[in-house]
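Going by our numbering, the first residue of the sequence shown is number 21, and it counts up by one from there. Where is the CB? At the ideal position from N, CA and C, for every residue including glycine. What you are looking at is a predicted structure, and each value in this text was computed from that prediction instead of being measured.
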Amino acid sequence: MSTDFYREGAPALDTKAPTGPIAERWEQRRFSGRLVNPANRRKLRVIVVGTGLAGASAAATLGELGYRVANYCFQDSSRRAHSIAAQGGINAAKNYRNDGDSVHRLFYDTVKGGDFRSRESNVHRLAEVSTEIIDQCVAQGVPFAREYGGLLDNRSFGGAQVSRTFYARGQTGQQLLLGAYQALQRQVAAGTVDLHTRHEMLELIIVEGKARGIVVRDLVTGEISTELADAVVLATGGYGNVYFLSTNAMGCNVTAGWRAHRKGAYFANPCYTQIHPTCIPQSGEHQSKLTLMSESLRNDGRVWVPKKKGDDRHPADIPEDERDYYLERRYPAFGNLVPRDIASRAAKVVCDEGHGVGPGGLGVYLDFAGAIERLGKKAVEAKYGNLFDMYERITGENPYERPMRIYPAVHYTMGGLWVDYDLSSNIPGLFVAGEANFSDHGANRLGASALMQGLSDGYFVLPNTISDYLADGPFDALDETHEDVVAARKDVDDRISFFLNNDGDRTVDSFHRELGKIMWEYCGMERTDEGLRKAIGLIRGLKDEFYRRVKVTGKAEALNQELEKAGRVADFLELGELMCIDALHRTESCGGHFRAESQTEDGEAKRDDDNFSYVAAWEYGEDAPVLHKEALEFEYVKPTQRSYK
Ligand SMILES: Cc1cc2nc3c(=O)[nH]c(=O)nc-3n(C[C@H](O)[C@H](O)[C@H](O)COP(=O)(O)OP(=O)(O)OC[C@H]3O[C@@H](n4cnc5c(N)ncnc54)[C@H](O)[C@@H]3O)c2cc1C
């Protein structure tokens, strides 16, 4: 194993991890954690950064419990957090279909789907809590799709042979977020939550080793201020936009997490990136966003390419026996519903071999002709109508008449800030929820599990576990004159002043685009030792150039999106390097991390459990990052070569 580019430190330990029978661990931890008396909760202040599903649910629940909460987001409304984009659905082990689902099966599928790189205890808790999430959301009035008899409807997502995905047409994230928003607004009206939109956290404040606040910039006036508290929760989403082109909203960024990392919080498994198989292919060089076509479409759509290389006939003119339904051929047991990492790589393989369709041969067909014939156009429209409309608006092609063209794109990041079982980072008082933590998905997240995890963290886990920490509070009173608060604020002022005064000539976006290309080329769907080393060199060079040549127009005391982007891209540059170092050091393939040197004879990811069955928790170091390994143990789902055949 190479130790180039990093040092190895002491192992990382999850000291809160409960033991005993797996089905009792969450109950046991909830019981052993200390509580805070309701009368004392009023004296405790908690900052929640983020108003997506994880942040809004956490802030609302902490407010309901009686804590004083300050909640932040950078959008103009908390409802515009990126969770709103989620289309396909949310998993829960309700077994409404009586098709053999159970908490244990969801647990099993998730551990296996994550390619045995997640913690069993966490995943089991997630599966247990999944059923409560649906009840909570239904009680809030979330309009899940229902069957004729009134029960909630389900569909299937990748990596599962049961139907456990609850959905609200193709707008599940939006409807869930509206539910969480109502819960949040109830607390705003009750005075327990102070909501600050259009504020960006730019620094974490640590006093005597504990997270005690944040430095924020009002994005409209440019005013910098500090917010102090007894604990800080980051629910700031994923960092897929390090690739520039991704399915994430343009504003998604890593700054909150990265600033915490620079102050000592471990960043875990940064190289685990999810590349989603069903996105609309890139259409040109000037594009800055890619669009997801929900995985739910693979319930009824069949994926194929022409058997003949370079076949440019209209798809309708290609007869059945000249089509390769390659997922059904290679993975008969799961067919079109193999997990995302497998489906993405399979698409790359057929395109690399020259069977791809559309511009540049970078596309495969997702065909609904059979479903329309079987179910009728109306039924297909009822299920997926808004997704079909979106596809047609973007491509100008009618997917009822011609198969969709799809290609993999960056979608989700399994890595994130390291947290223990209580969702506490290694900095006391700093908790992390939702996509921002490295959490429960191992090396590959199954579809419809991110919404489940965000709401599990926010509604159920964090409000229970944070009390064990807050039971020691309120902590010593602090004010803005404390030297650590002053220093954190000064760091922010200095960074802003640097960007605005730099005598540069290149736009922020041009750097971001170049970084994204490097990441996609060398740390994307397939990674090699040679490519990753090259990428590290290129990123270092690009970072150097960024600080010499970046040009940021406008001023500090006003709305200034160039300034916002400059800070985010500066952090992406550092994160990108760490992702490549993490990918380089992990000389095995697992889930979304595919090292070309480590594959089975038939081209599947080949894990190396003897050497890599650990979470890579990285500590920031000025000269080189420090790797802390947290060993993973599997008592209930024994690691095997994943098979969906
Ligand atoms: C197109 C698309 C479709 C998806 N569909 C599904 C699906 O069907 N099912 C599923 O399970 N998952 C899906 N996902 C994944 C899922 O939507 C996300 O993982 C999840 O919603 C993330 O929620 P979150 O609360 O962790 O973060 P987000 O919703 O991203 O919220 C982040 C919040 O943090 C705030 N924030 C971030 N940084 C700062 C800062 N520095 N200062 C202040 N505020 C900050 C933002 O303003 C925002 O409020 C999809 C993802 C995409 C991109």
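Distance from the CA atom of L126 to the CA atom of R627, rounded to whole angstroms, is 22 angstroms.
Between the alpha carbons of Y345 and K36 lies a gap of roughly 47 angstroms.
Taking the Cα positions, Y351 is about 36 angstroms away from V481.
Secondary structure note for S469: it is in no alpha helix (DSSP H), with a DSSP letter that is neither H nor E.
Counting C-beta atoms within 10 angstroms of its own C-beta, R322 has 16 or more neighbours from the protein chains shown and is therefore classed as buried. Its Cα nearest to that of N289, the residue G258 stands out among L498, G493, T660 and G258. Short note on A106: C-beta closer than 7 angstroms to some heavy atom of ligand 1. Between the C-alpha atoms of P41 and D442 there is a straight-line separation of about 18 angstroms. Here the distance from the Cβ of C93 to the nearest heavy atom of ligand 1 is below 7 angstroms. Runs of the alpha helix (DSSP H) spanning 4 or more residues and lying entirely within the stretch 182 to 236 occur at 192 to 210, in chain order. Look at N268 here: in three-state DSSP terms it is coil, with no helix or strand label. Y489 sits away from G454, with the two beta carbons spaced by 8 angstroms or more. S308 and E44 have their alpha carbons spaced roughly 47 angstroms apart.
Between L647 and L146, the alpha-carbon positions lie close to 27 angstroms from each other. In the DSSP assignment, M434 falls outside any beta strand (DSSP E) and carries neither an H nor an E. Closest in C-alpha terms to L312, from the list L265, K329, Y479 and G355, comes L265. Here N115 has D121 and S122 as same chain residues with Cβ atoms under 7 angstroms from its own Cβ, once five neighbours each way along the sequence are excluded.
Counted as a single uninterrupted DSSP element, the beta strand (DSSP E) harbouring Y92 occupies residues R88 to Y92. Note on the stretch 357 to 398: whole alpha helix (DSSP H) runs with a minimum of 4 residues are 360 to 372 and 389 to 395, in chain order. Our two residues, L604 and S618, have alpha carbons roughly 12 angstroms apart in a direct line. Boundaries for T620: no alpha helix (DSSP H) harbours it, and the DSSP string shows neither H nor E there. Restricted to the stretch 64 to 90, the beta strand (DSSP E) segments that are unbroken, complete and at least 3 residues in length are 65 to 69, listed in chain order. For A79, the shortest C-beta to heavy atom distance toward ligand 1 is 7 angstroms or greater. The beta carbon of R569 sits closer than 7 angstroms to those of G524, D525 and R526, all from its chain and outside the five residues before and after it, given in chain order. Relative to ligand 1, the beta carbon of L73 is positioned inside 7 angstroms of a heavy atom. Annotation for H102: no beta strand (DSSP E) segment contains it, and DSSP assigns it neither H nor E. Counted as a single uninterrupted DSSP element, the beta strand (DSSP E) harbouring V635 occupies residues Y634 to E639. Annotated as distal: V89 and V56, with beta-carbon spacing of 8 angstroms or more. Within the same chain, V262, L535, M539 and I559 come within 6 angstroms of G596 by CB-CB distance, once the 5 residues on both sides are set aside.
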